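>
Protein chains: 2
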Amino acid sequence: MTESPTTGVRRTNTRQRLFDVGLELFARRGYDDVTTEEIAAAAGVSQRTLFRHFASKLDLLFADADVATDEFTELLYRQPPGPVTDAVLAAIAEQQRSLPLDETAAIVARIVNETPSLEEARRGYERRFEQTLAEWIAQRHAVRPDNFDVRVLAAVLVAARRVCVNEWQAATGVGSVVPLASRALSAIDDEALSFSPTIDRSAPPPPSGRAD
Amino acid sequence: MTESPTTGVRRTNTRQRLFDVGLELFARRGYDDVTTEEIAAAAGVSQRTLFRHFASKLDLLFADADVATDEFTELLYRQPPGPVTDAVLAAIAEQQRSLPLDETAAIVARIVNETPSLEEARRGYERRFEQTLAEWIAQRHAVRPDNFDVRVLAAVLVAARRVCVNEWQAATGVGSVVPLASRALSAIDDEALSFSPTIDRSAPPPPSGRAD
DNA sequence: CATATTGGTGTCAGTGACTGACAGACGTCA
DNA sequence: TGACGTCTGTCAGTCACTGACACCAATATG
Numbered sequence: 455m456t457e458s459p460t461t462g463v464r465r466t467n468t469r470q471r472l473f474d475v476g477l478e479l480f481a482r483r484g485y486d487d488v489t490t491e492e493i494a495a496a497a498g499v500s501q502r503t504l505f506r507h508f509a510s511k512l513d514l515l516f517a518d519a520d521v522a523t524d525e526f527t528e529l530l531y532r533q534p535p536g537p538v539t540d541a542v543l544a545a546i547a548e549q550q551r552s553l554p555l556d557e558t559a560a561i562v563a564r565i566v567n568e569t570p571s572l573e574e575a576r577r578g579y580e581r582r583f584e585q586t587l588a589e590w591i592a593q594r595h596a597v598r599p600d601n602f603d604v605r606v607l608a609a610v611l612v613a614a615r616r617v618c619v620n621e622w623q624a625a626t627g628v629g630s631v632v633p634l635a636s637r638a639l640s641a642i643d644d645e646a647l648s649f650s651p652t653i654d655r656s657a658p659p660p661p662s663g664r665a666d
Numbered sequence: 455m456t457e458s459p460t461t462g463v464r465r466t467n468t469r470q471r472l473f474d475v476g477l478e479l480f481a482r483r484g485y486d487d488v489t490t491e492e493i494a495a496a497a498g499v500s501q502r503t504l505f506r507h508f509a510s511k512l513d514l515l516f517a518d519a520d521v522a523t524d525e526f527t528e529l530l531y532r533q534p535p536g537p538v539t540d541a542v543l544a545a546i547a548e549q550q551r552s553l554p555l556d557e558t559a560a561i562v563a564r565i566v567n568e569t570p571s572l573e574e575a576r577r578g579y580e581r582r583f584e585q586t587l588a589e590w591i592a593q594r595h596a597v598r599p600d601n602f603d604v605r606v607l608a609a610v611l612v613a614a615r616r617v618c619v620n621e622w623q624a625a626t627g628v629g630s631v632v633p634l635a636s637r638a639l640s641a642i643d644d645e646a647l648s649f650s651p652t653i654d655r656s657a658p659p660p661p662s663g664r665a666d
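Chains A and B supply the protein sequences, listed in that same order.
Letter by letter, the first sequence follows residues 455 to 666 in our numbering.
Letter by letter, the second sequence follows residues 455 to 666 in our numbering.
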């Protein structure tokens, strides 16, 4: 999931430096007004090297969010059995405890919120998270991840979480996300879903998972 | 919302021709393998003209979806009072009736589904729809569109709708979306939300709506 | 100790989306 | 006819991103 420090001390350093420098420039002058060449130069490397560490300019900005997502997923898998929404809420609460005030995340959030195109891009990045969540839900209910109900629930949970985090960060991160999340999740009734094989499909396609 | 045919016969023609040609090329060779210059040339105009009609290559692909979204919004506003989920389901059903088989939408769906980056981009495009939905919900409940509960509900509804449409289109558009939507919406309990002023905000900022 | 291998890097040339500026073509209307 | 607005082409430019090749340092191997 993350990087394996096989030999790479330099690698990690360069990557981290690029991230730090990039974030600072974005924060100061706005995402759109900073070129990848500038970031690379400020980090003392070539532009080509930047793109060896990050697949895109967006990837650089969201590198940290990706890590947080992985962490959140781990917390989910550690939750005891019970309703999905309860487990999600518990995981949110635990993550909040582990990083009560994440400077970096707050900066990224501010940058994203002041650039509409980034708000859109973030939604695109949610796709991976949604897939991960679907796998987790599917395991809990012992069904396949491409089950319709599973995908609905995953999509809906991710959307609700986004709004909560947004609201929380818009309030400059004061207080806790947990009350917000609790309120938002109350609108989601995962026990109303049956998680039985999708309707309109009398015969599920034998062992071939549809590509998503 | 849409375009006003002030003088534009040429304008509309060119735009439509660009869209048709573009879609055909995308369908045949894939979104990424078609350049905007090719589309323009195939439509008999310059690349610059293409970008005068469409803000981006993505905009060209999603031009039709945008229209469908506007139409859907209109249907929503015509629904009788009652739970939000009921109104959404009714609007989905009505739209399905009005365009039981939309060739163009099906082609776009196929193009999007075979290009992962487009699936992400589509989520970005949902932002506008979500905002529209939030305004509609806010009006129904006589609260402000930036109300937390409103935004949660809007986000969750848009997410659920996406999964339904995806599932429906993945089944090559057979049958109706309505059963899927009905099932998905059963997981959303909008009456669990109070729509009272957001918690953690004792004093709402007087008349200045926060930019979203 | 010499040599092969590997990983991080720089350089360079290129593609493709998108933009600003300017000018020409065309229709409309006074 | 002439002013005006709209649609358009051309051209030069920016910027994200990529492939190919070479370089250098550290490590492994003889």
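Backbone N, C-alpha and C fix where the C-beta goes; we use that ideal spot for every residue, glycine too.
Bear in mind the structure is a predicted one, so any value in this text is a computation, not a measurement.
#1: Mind listing which residues of the region 587-602 of chain B have their C-beta closer than 9 angstroms to chain A's C-betas, in chain order?
#2: Indicate the three-state DSSP secondary structure (helix, strand or coil) for residue 455 of chain A in the structure shown.
#3: Which residues in chain B have a C-beta closer than 7 angstroms to the C-beta of residue 646 of chain A? List them in chain order.
#4: So, with DSSP's three-state summary, where would you put residue 506 of chain B?
#5: I'd like to check one pair, residue 613 of chain A with residue 613 of chain B: are the Cβ atoms closer than 8 angstroms?
#6: Mind pulling the chain B residues with CB within less than 9 angstroms of residue 581 of chain A?
#7: Please state whether the Cβ-Cβ distance between residue 607 of chain B and residue 647 of chain B is less than 8 angstroms.
#8: Measuring only between beta-carbons, confirm whether residue 562 of chain A sits less than 8 angstroms from chain B.
#9: Distance cutoff 8 angstroms, beta carbons only. Does residue 605 of chain B sit that close to anything in chain A?
#10: Can you confirm whether the region 575-587 of chain A touches the region 631-651 of chain A when touching is taken to mean that 3 or more C-beta pairs between the two stretches lie within less than 8 angstroms?
#11: Have a look at residue 651 of chain B and residue 540 of chain B and give me their C-alpha separation to the nearest angstrom.
#12: What do you get for residue 586 of chain B, buried or exposed, if any count of 16 or more other CB atoms within 10 angstroms of its CB means buried?
#13: Taking the DSSP output, what are the residues bridged to residue 642 of chain A?
#14: So is residue 616 of chain B in contact with chain A if we call contact Cβ pairs under 8 angstroms?
#15: Where does residue 665 of chain A fall in DSSP's three states?
#16: What residue from B:523, B:511, B:556 and B:486 has the CA that sits closest to residue 469 of chain B's CA?
#17: Please list the segments of the alpha helix (DSSP H) lying wholly inside the region 593-649 of chain A, counting only runs of 4 or more residues, in order along the chain.
#18: Name the two residues that bound the continuous alpha helix (DSSP H) containing residue 531 of chain B.
#19: Is residue 612 of chain B close to chain A, meaning its C-beta is less than 8 angstroms from at least one C-beta of that chain?
#20: Is residue 490 of chain A helix, strand or coil when you go by DSSP?
#21: Counting only Cβ pairs nearer than 7 angstroms, list the residues of chain B close to residue 512 of chain A.
#22: Does the CB of residue 621 of chain B have a neighbour CB from chain A at under 8 angstroms?
#23: Given this structure, state the Cα-to-Cα distance separating residue 593 of chain B from residue 534 of chain B, to the nearest angstrom.
Result, derived from the coordinates:
#1: 602
#2: Here residue 455 of chain A refers to the residue found at position 1 of the first sequence. Only weak support is given to the placement of residue 455 of chain A: the predicted model assigns it a pLDDT of 36, under 50, and the value that follows is read from those uncertain coordinates. Residue 455 of chain A falls in the coil class under three-state DSSP.
#3: As a working mapping, residue 646 of chain A is identified with position 192 in the first sequence. Neighbours of residue 646 of chain A on chain B, chain order: 640 and 641.
#4: Reading the second sequence from its first residue, position 52 is the one you call residue 506 of chain B. In the structure shown, residue 506 of chain B sits in a helix (DSSP, three-state: H, G or I).
#5: Position 159 of the second sequence, counted from the first residue, corresponds to residue 613 of chain B. Position 159 of the first sequence, counted from the first residue, corresponds to residue 613 of chain A. Contact flag set, yes.
#6: One-based indexing of the first sequence puts residue 581 of chain A at position 127. 570, 573, 574 and 577, listed in chain order.
#7: The count along the second sequence starts at 1 and reaches residue 607 of chain B at position 153. The count along the second sequence starts at 1 and reaches residue 647 of chain B at position 193. Result yes, Cβ atoms of residue 607 of chain B and residue 647 of chain B sit closer than 8 angstroms.
#8: In the first sequence, counting from the first residue as 1, residue 562 of chain A sits at position 108. No, because no Cβ of chain B sits closer than 8 angstroms to the Cβ of residue 562 of chain A.
#9: As a first step, residue 605 of chain B must be located in the second sequence, where it is residue number 151. Yes, contact with chain A.
#10: no
#11: Reading the second sequence from its first residue, position 197 is the one you call residue 651 of chain B. Reading the second sequence from its first residue, position 86 is the one you call residue 540 of chain B. Each residue's CA atom was taken as its position, placing residue 651 of chain B and residue 540 of chain B some 24 angstroms apart.
#12: For the purposes of this step, residue 586 of chain B is taken as the residue at position 132 of the second sequence. So residue 586 of chain B counts as buried.
#13: Along the first sequence, read from residue 1 onward, the residue named residue 642 of chain A stands at position 188. Answer by DSSP bridge pairing, in chain order: B:642.
#14: Mapped onto the second sequence, residue 616 of chain B falls at position 162. Chain A, which has a Cβ nearer than 8 angstroms to the Cβ of residue 616 of chain B, makes this yes.
#15: Taking the first residue of the first sequence as 1, we reach residue 665 of chain A at position 211. Bear in mind that the predicted position of residue 665 of chain A carries a pLDDT of just 40, short of 50, making it unreliable; the figure below should be weighed with that in mind. Coil.
#16: Your numbering for residue 469 of chain B matches position 15 in the second sequence. Here the closest residue by C-alpha is B:511.
#17: 602-624 and 632-639
#18: As a working mapping, residue 531 of chain B is identified with position 77 in the second sequence. Note, residue 531 of chain B: alpha helix (DSSP H), 511-531.
#19: On the second sequence, position 158 is the one that residue 612 of chain B refers to. Yes, residue 612 of chain B counts as interfacial toward chain A.
#20: Working through the first sequence from its first residue, we reach residue 490 of chain A at position 36. Collapsing the DSSP output to three states places residue 490 of chain A in a helix.
#21: On the first sequence, position 58 is the one that residue 512 of chain A refers to. Within 7 angstroms Cβ-Cβ: nothing; residue 512 of chain A doesn't reach chain B, min ~10 angstroms.
#22: The sequence position of residue 621 of chain B within the second sequence is 167, counting from 1. Yes - at least one Cβ of chain A is within 8 angstroms of the one on residue 621 of chain B.
#23: By 1-based counting over the second sequence, the position of residue 593 of chain B is 139. By 1-based counting over the second sequence, the position of residue 534 of chain B is 80. Rounded to the nearest angstrom, the two C-alpha atoms are 13 angstroms apart.
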